[in-house]
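Protein chains in written order, with the numbering used here: chain A, 3 to 355; chain B, 3 to 355.
One structure is given here, and the rest of the page talks about it.
Number of protein chains: 2
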Amino acid sequence: MADNNNHLVIMAGGIGSRFWPMSTPERPKQFVDVMGCGRTLIQLTMDRFEGIIPYENVWIVTSAAYAEMVHEQLPEVPESNILKEPCRRNTAPCVAYVSWRIKSQCPRANIVVSPSDHIVLNQKEFRRVIKSSLLFVSESDAILTLGMQPTRPETGYGYIQADLSTPCVRNREIFRVDQFREKPDLPTAKKYIAQNNFFWNAGIFVWNVNTIVNAFRIYAPSLSDIFESMMSVYGTPREQAVVNERFPQCENISVDYAIMEHAEEIYCFPASFGWSDLGTWGSLLENSERNRYGNALIGNDIRTYDTQNCIVHTTDERRVIVQGLDGYIVAEKDGVLLVCKLENEQQIKNYSE
Amino acid sequence: MADNNNHLVIMAGGIGSRFWPMSTPERPKQFVDVMGCGRTLIQLTMDRFEGIIPYENVWIVTSAAYAEMVHEQLPEVPESNILKEPCRRNTAPCVAYVSWRIKSQCPRANIVVSPSDHIVLNQKEFRRVIKSSLLFVSESDAILTLGMQPTRPETGYGYIQADLSTPCVRNREIFRVDQFREKPDLPTAKKYIAQNNFFWNAGIFVWNVNTIVNAFRIYAPSLSDIFESMMSVYGTPREQAVVNERFPQCENISVDYAIMEHAEEIYCFPASFGWSDLGTWGSLLENSERNRYGNALIGNDIRTYDTQNCIVHTTDERRVIVQGLDGYIVAEKDGVLLVCKLENEQQIKNYSE
Numbered sequence: 003m004a005d006n007n008n009h010l011v012i013m014a015g016g017i018g019s020r021f022w023p024m025s026t027p028e029r030p031k032q033f034v035d036v037m038g039c040g041r042t043l044i045q046l047t048m049d050r051f052e053g054i055i056p057y058e059n060v061w062i063v064t065s066a067a068y069a070e071m072v073h074e075q076l077p078e079v080p081e082s083n084i085l086k087e088p089c090r091r092n093t094a095p096c097v098a099y100v101s102w103r104i105k106s107q108c109p110r111a112n113i114v115v116s117p118s119d120h121i122v123l124n125q126k127e128f129r130r131v132i133k134s135s136l137l138f139v140s141e142s143d144a145i146l147t148l149g150m151q152p153t154r155p156e157t158g159y160g161y162i163q164a165d166l167s168t169p170c171v172r173n174r175e176i177f178r179v180d181q182f183r184e185k186p187d188l189p190t191a192k193k194y195i196a197q198n199n200f201f202w203n204a205g206i207f208v209w210n211v212n213t214i215v216n217a218f219r220i221y222a223p224s225l226s227d228i229f230e231s232m233m234s235v236y237g238t239p240r241e242q243a244v245v246n247e248r249f250p251q252c253e254n255i256s257v258d259y260a261i262m263e264h265a266e267e268i269y270c271f272p273a274s275f276g277w278s279d280l281g282t283w284g285s286l287l288e289n290s291e292r293n294r295y296g297n298a299l300i301g302n303d304i305r306t307y308d309t310q311n312c313i314v315h316t317t318d319e320r321r322v323i324v325q326g327l328d329g330y331i332v333a334e335k336d337g338v339l340l341v342c343k344l345e346n347e348q349q350i351k352n353y354s355e
Numbered sequence: 003m004a005d006n007n008n009h010l011v012i013m014a015g016g017i018g019s020r021f022w023p024m025s026t027p028e029r030p031k032q033f034v035d036v037m038g039c040g041r042t043l044i045q046l047t048m049d050r051f052e053g054i055i056p057y058e059n060v061w062i063v064t065s066a067a068y069a070e071m072v073h074e075q076l077p078e079v080p081e082s083n084i085l086k087e088p089c090r091r092n093t094a095p096c097v098a099y100v101s102w103r104i105k106s107q108c109p110r111a112n113i114v115v116s117p118s119d120h121i122v123l124n125q126k127e128f129r130r131v132i133k134s135s136l137l138f139v140s141e142s143d144a145i146l147t148l149g150m151q152p153t154r155p156e157t158g159y160g161y162i163q164a165d166l167s168t169p170c171v172r173n174r175e176i177f178r179v180d181q182f183r184e185k186p187d188l189p190t191a192k193k194y195i196a197q198n199n200f201f202w203n204a205g206i207f208v209w210n211v212n213t214i215v216n217a218f219r220i221y222a223p224s225l226s227d228i229f230e231s232m233m234s235v236y237g238t239p240r241e242q243a244v245v246n247e248r249f250p251q252c253e254n255i256s257v258d259y260a261i262m263e264h265a266e267e268i269y270c271f272p273a274s275f276g277w278s279d280l281g282t283w284g285s286l287l288e289n290s291e292r293n294r295y296g297n298a299l300i301g302n303d304i305r306t307y308d309t310q311n312c313i314v315h316t317t318d319e320r321r322v323i324v325q326g327l328d329g330y331i332v333a334e335k336d337g338v339l340l341v342c343k344l345e346n347e348q349q350i351k352n353y354s355e
């Protein structure tokens, strides 16, 4: 049963530069069938909320350049729910814009904010956690973050330190946040893991619209001023023109820095539903179906010989033969070919420039 | 000055399976700009004879499927000089057909027979040797083969053992052939090299038309009967229909087996003009311009990082990045991608099936 006050915000403005050439500025990875499953990452993201959030309550915030692609890939979402940022200003202005926009038409909305390019392997558990979280924020002024149970001392993620001693009374799976921690070095990450009260910050937030709007008013008043000032234009034909004028004045800042690290009523829902941010080829390899040689082969006709631990992603190619590689990325897209050691993938950003 | 009796026969029926995916049955390597120089191998082959053989004396023997491609690539050659084999029967029927065909219109022709997919780095020396050879055969009934001065104990080529003790009187660079030797194993190849009188068989033959026609009459009478019987149709509108009917009756045999290994008046012109049969990716790498890391990069925009001794051939791709490879082939063509160790290239035939 969909609650008509439940809303989903998908942040889809990223450019996925670490996944080049599969992901390009013209078509970032959220718009690509990364897993070779027939659905793009943004489609998979919306699919996960089916039956929880009605399509008319799904909001996509993206850059103007990607709006048409969003509409093509998510035709169920009303075009007026695709919010177009005139420029990139990180996540705080993005979240502020969509929050005021939703408030203008649904002042009692409960909102899940989700990245557009992550994957979740255990849908059932994910949906249970989301429903439980939406119920929780509908009855409280909590800012709720999902904390992923870590499975390794990952240095590529931020961490949430929770106070596990006193669970919330109304939902005993939810705990107060002690601190947000930035991406740690390896010894620190190992220490975090050993302590059991550290969770990966998945960038998935749940709150009611008044909670987040008030948090902006308190912790980021310059942003709240901008979006408050546009109350009379949201949902009108003038909206885009006014946003185009005012949005560029926003500070370039993440929602984590602007709000999370300052707010007091912040809670964490530790969860474990096979999440990955798919930020790197290595994480795609880990999350893809691998054959007995440890290869993930995503494409039409890929044959390997004497090849292990490789990810081959070549959906445009009719046929691919890979011989004698161990631990490599082989990726082809739109006339751009990459062959690169997995251990070297942090350099891909530089190669693609 | 072109001598109007001088003819060039380019054998262009091969399918180049060891060069997959650059070379495919639809467009074998002789029709590909393998070197990335703007000319295909068959174009480069004809270019080498400019000013020695007039275009109207250039003959191409190929399969019917490639005739249109030959005409597109060599528009200077009269279409009636493109002889179409209805089926593949190795080189002896090919040479016999074109020999009788030339004889029917030029009974005093001197002929160079050349493969279509080899390369020559020193054009000036090549042209000197060809001119000297044509002069030699115009005055004698010799079957002349060019013997390439070997630079390594190559096991992929056949060898010609020459009797260097007594040079020909009329051309002291030319010697009688003692024996043709098939592709040797490595110890044998090393022995050949050490002896100084062994040369690579480049498959380039020079003779006058009566010499070769008579050699077929003596050593391959079943072939000569077939092509002799068609004397009245060569150059007429009926030629192709009759050839289509009779050619399939030819024995499947190479000109080396049918003629060279039996004939008595066989001579060798040892020469050194940077020849390669470009039979393998490895030989292409050796014959291409290599950068200081030993890479041969043939394509529009190929960048390498931490990469040595690789051949990258990706003329269709807009951009290619290769990182962390040593001794590999990376080749892309028409939606088919190959990544393979150079030392494993003998397996490519199997991969492509």
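Using N, Cα and C, we set each Cβ at its ideal position, and we do this for glycine too.
Because the structure is a prediction, the values reported are computed rather than measured.
For the alpha helix (DSSP H) containing residue i, name the first residue and the last one.
i	result
Met-48 of chain A	43-49
Ile-227 of chain B	Here the sequence assigns Asp to residue 227 of chain B, which means Ile is not the residue at that position. 223-230 is the span of the alpha helix (DSSP H), which, as asked, contains Asp-227 of chain B.
Tyr-269 of chain B	No alpha helix (DSSP H) holds Tyr-269 of chain B; the beta strand (DSSP E) holding it covers 268-273.
Thr-190 of chain A	188-197
Phe-128 of chain A	125-140
Ser-285 of chain B	283-289
Asn-8 of chain A	First-last for Asn-8 of chain A: 8-13, but that is the beta strand (DSSP E), not the alpha helix (DSSP H).
His-315 of chain B	Here His-315 of chain B belongs to no alpha helix (DSSP H); instead the beta strand (DSSP E) covers 313-316.
Where residue i and residue j are concerned, what is the direct C-alpha to C-alpha distance, given to the nearest angstrom?
i	j	result
Ile-12 of chain B	Thr-93 of chain B	11 Å
Ile-113 of chain A	Ala-14 of chain A	16 Å
Glu-141 of chain A	Glu-87 of chain A	31 Å
Cys-342 of chain A	Leu-287 of chain A	14 Å
Trp-22 of chain A	Gly-276 of chain A	24 Å
Asn-83 of chain A	Tyr-307 of chain A	48 Å
Leu-46 of chain B	Leu-299 of chain B	19 Å
Tyr-221 of chain B	Gly-301 of chain A	54 Å
Ala-265 of chain B	Thr-317 of chain A	56 Å
Ile-44 of chain B	Ser-231 of chain B	31 Å
Glu-74 of chain A	Glu-81 of chain B	51 Å
Arg-207 of chain B	Gln-107 of chain B	According to the sequence shown, residue 207 of chain B is Phe rather than Arg. Each residue's alpha carbon lies about 20 Å from the other.
Lys-192 of chain B	Pro-186 of chain B	9 Å
Ala-4 of chain B	Pro-77 of chain B	Confidence at Ala-4 of chain B is low in this model, with a pLDDT of 46, below 50, so the placement of that residue should be treated as unreliable; the coordinate-derived value is given next. Roughly 19 Å separates the two Cα atoms.
Asp-336 of chain B	Ile-104 of chain A	49 Å
Cys-252 of chain A	Glu-319 of chain B	40 Å
Ser-256 of chain A	Thr-26 of chain B	52 Å
Gln-32 of chain A	Ser-116 of chain B	55 Å
Gly-160 of chain A	Leu-339 of chain A	31 Å
Taking the beta strand (DSSP E) that residue i belongs to, which residues open and close that run?
i	result
Tyr-330 of chain B	330-335
Gly-301 of chain B	298-301
Gly-149 of chain B	145-150
Leu-339 of chain A	338-343
Pro-117 of chain A	112-117
Trp-202 of chain B	200-210
Lys-86 of chain A	84-87
What residue from the options has the CA that sits closest to residue i's CA?
i	options	result
Cys-312 of chain A	A:Val-324, A:Val-131, A:Asp-303	A:Val-324
Asn-6 of chain B	B:Arg-91, B:Leu-137, B:Pro-95	B:Leu-137
Arg-41 of chain B	B:Ser-118, B:Asn-59, B:Gly-205, B:Glu-58	B:Ser-118
Ser-290 of chain B	B:Cys-39, B:Gly-16, B:Gly-205, B:Phe-33	B:Cys-39
Pro-152 of chain B	B:Asn-352, B:Asp-279, B:Glu-334, B:Ser-354	B:Asp-279
Gly-158 of chain A	A:Glu-355, A:Tyr-353, A:Glu-347	A:Glu-347
Arg-174 of chain B	B:Gly-160, B:Ser-134, B:Glu-70	B:Ser-134
Val-34 of chain A	A:Leu-344, A:Lys-351, A:His-315, A:Asn-352	A:His-315
Quick test of your reading: residue i and residue j, contact by CB under 8 Å. State the CB separation rounded to the nearest angstrom.
i	j	result
Met-196 of chain A	Phe-177 of chain A	Per the sequence shown, residue 196 of chain A should be read as Ala rather than Met. No, Ala-196 of chain A and Phe-177 of chain A are not in contact; Cβ-Cβ is about 18 Å, not under 8 Å.
Gly-281 of chain A	Trp-202 of chain A	Between Trp-202 of chain A and Gly-281 of chain A the Cβ distance is about 12 Å, and since that is not below 8 Å, they are no contact.
Leu-166 of chain A	Asn-210 of chain A	So it is not a contact: roughly 25 Å between Cβ atoms.
Asp-328 of chain B	Gln-349 of chain B	Their Cβ separation, rounded to whole angstroms, is 18 Å, which puts Asp-328 of chain B and Gln-349 of chain B out of contact at 8 Å.
Asn-124 of chain B	Ile-55 of chain B	Contact doesn't hold; Cβ gap of about 19 Å is too wide.
Tyr-269 of chain A	Leu-146 of chain A	5 Å
Would you say residue i touches the ligand GDP, meaning its beta carbon is less than 6 Å from a heavy atom?
i	result
Ile-228 of chain A	For the ligand GDP, the structure offers nothing, since it holds no ligand at all.
Using a Cβ cut-off of 8 Å, which residues of the region 309-331 of chain A contact any Cβ in chain B, in chain order? Thr-316, Asp-318, Glu-319, Arg-320, Arg-321, Val-322, Ile-323, Val-324, Gln-325, Gly-326, Leu-327, Tyr-330
Interface residues of the region 248-273 of chain B facing chain A [CB-CB below 8 Å]: none
Chain-ordered residues of the region 16-43 of chain B with a beta carbon less than 8 Å from chain A: Going along the region 16-43 of chain B in chain order, one finds Pro-23 with a Cβ nearer than 8 Å to chain A.
Along the region 283-298 of chain A, where does the CB come closer than 7 Å to a CB of chain B? Name the residues. none
Check distances from the C-beta atoms of the region 334-349 of chain A to those of chain B and list, in chain order, the residues that come in under 8 Å. Within the region 334-349 of chain A, the residues whose Cβ lies closer than 8 Å to any Cβ of chain B are, in chain order, Glu-334, Asp-336, Gly-337, Val-338, Leu-339, Leu-340, Val-341, Cys-342, Lys-343, Asn-346, Gln-349.
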